[in-house]
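Numbering (my numbering), first residue to last: 57 to 376.
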């Protein structure tokens, strides 16, 4: 009885049938959308609000005095200390490109350190990243006439301006980063202990397989590597641990579980530029660098004194 009644209604009023069909598919679509929203993700930040984050102006000056402009501002969640960030960077000196991750070089991946763990003042990208959410882009200026002489790289003049343009691609929660870091802590401690022992052997003249160059550089190649050579002008991903000659550790990318981008031959540390072309992708070495091939008479206060010799454990993770 009831099915016949419905059939008669639909035959006389076809519009009812259309509404029923639209309602059915609308329910299906809403159900699908809900599944997408509820699906958990471990790779990017969630929508949980973060305390203490205030709105950011599209133009202004950072805490260290770098002028900036946000070109794209999505007003999403921004990184905090301990988060892992992935970002593109274009660095220009005046009107010339110095480096660009867009030119066949992978985006930079880094764990955001506390302010006390970076240079003082911090570099412009450090402060710029904290002003962005995912898919935001920003440009920051660094005027070399405001940089102290001992902090200004040799390849820059007082009249130069550096322009950093960044685009933030991803953020990973610090809780996930810390869990991954803890799992690798044992390997890091072994590497540090071995390097400190090699330093003692070097000072005692008992280090096996020690090689020397005419410049005064001494090194031991633990593994040459099997991939592409880290030739001059190549962009590489480099893990390193830096030490004083007494074994005190200065900096360590392994503790951040993130290699550092580096362009071989860019006169960052001359001892690196001399050694790295001897390694291939996957290569590992310990290098003893006299001060003249490191930070020289200027040093790098507060951690590196003037005329201080240094030791680095280097690992070429990838050659781009």
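Glycine included, each C-beta is placed from N, C-alpha and C at the ideal position.
Linking residue 226 to residue 141 through their CA atoms gives a straight-line distance of about 6 Å.
Classified as exposed, residue 279 has fewer than 16 neighbouring CB atoms from the shown chains inside 10 Å of its CB. Non-local C-beta neighbours of residue 132 in its own chain, meaning closer than 7 Å and more than five positions away in sequence, comprise 189 and 190, ordered along the chain. Judged by DSSP secondary structure, residue 202 falls outside any beta strand (DSSP E); it is assigned neither H nor E. Exposure of residue 260 is indicated by the presence of fewer than 16 other C-beta atoms within 10 angstroms of its C-beta.
Distance from the CA of residue 250 to the CA of residue 311, rounded to the nearest whole angstrom, comes to 16 Å. CA-CA distance, residue 192 to residue 256, rounds to 48 Å. In this structure the segment 319–329 lies against the segment 349–359, because at least three pairs of beta carbons, one per stretch, are closer than 8 Å.
DSSP places residue 316 in the strand class (E or B) of the three-state scheme. Nearest Cα to residue 215 within the set 126, 201, 246 and 292: 201.
Judged by DSSP in its simplified three-state form, residue 195 adopts strand.
Beyond the five residues adjoining it in sequence on each side, residue 370 comes within less than 6 Å, by CB distance, of 296 and 341 in the same chain, given in chain order. Your pair residue 181 and residue 145 checks out as a contact, with CB atoms roughly 6 Å apart and the cut at 8 Å. Segment contact: the segment 330–338 against the segment 271–287, three or more CB-CB distances shorter than 8 Å; contact assigned. In the structure shown, residue 210 adopts coil according to DSSP, grouped into three states.
Contact check for residue 313 against residue 240 passes: the beta carbons are separated by less than 8 Å. Restricting attention to 365, 368 and 360, the CA atom closest to the CA of residue 175 is found in 360. Assignment of residue 125 by DSSP, reduced to helix, strand and coil, places it in the strand class. For residue 276, there is no enclosing alpha helix (DSSP H); the enclosing beta strand (DSSP E) has its first and last residue at 274–279. Residue pairing by DSSP places residue 294 opposite 316 and 372 in a beta bridge. For the options 283, 290, 362 and 291, the alpha carbon positioned closest to that of residue 337 is the one of 283.
Between residue 185 and residue 124, the CB-CB gap reaches or exceeds 8 Å.
Shown here, residue 173 sits in a helix according to DSSP, grouped into three states. Per the coordinates, the alpha-carbon of residue 162 lies some 32 Å from the alpha-carbon of residue 252. Across the set 138, 211, 198 and 147, the C-alpha of 211 shows the shortest separation from the C-alpha of residue 321.
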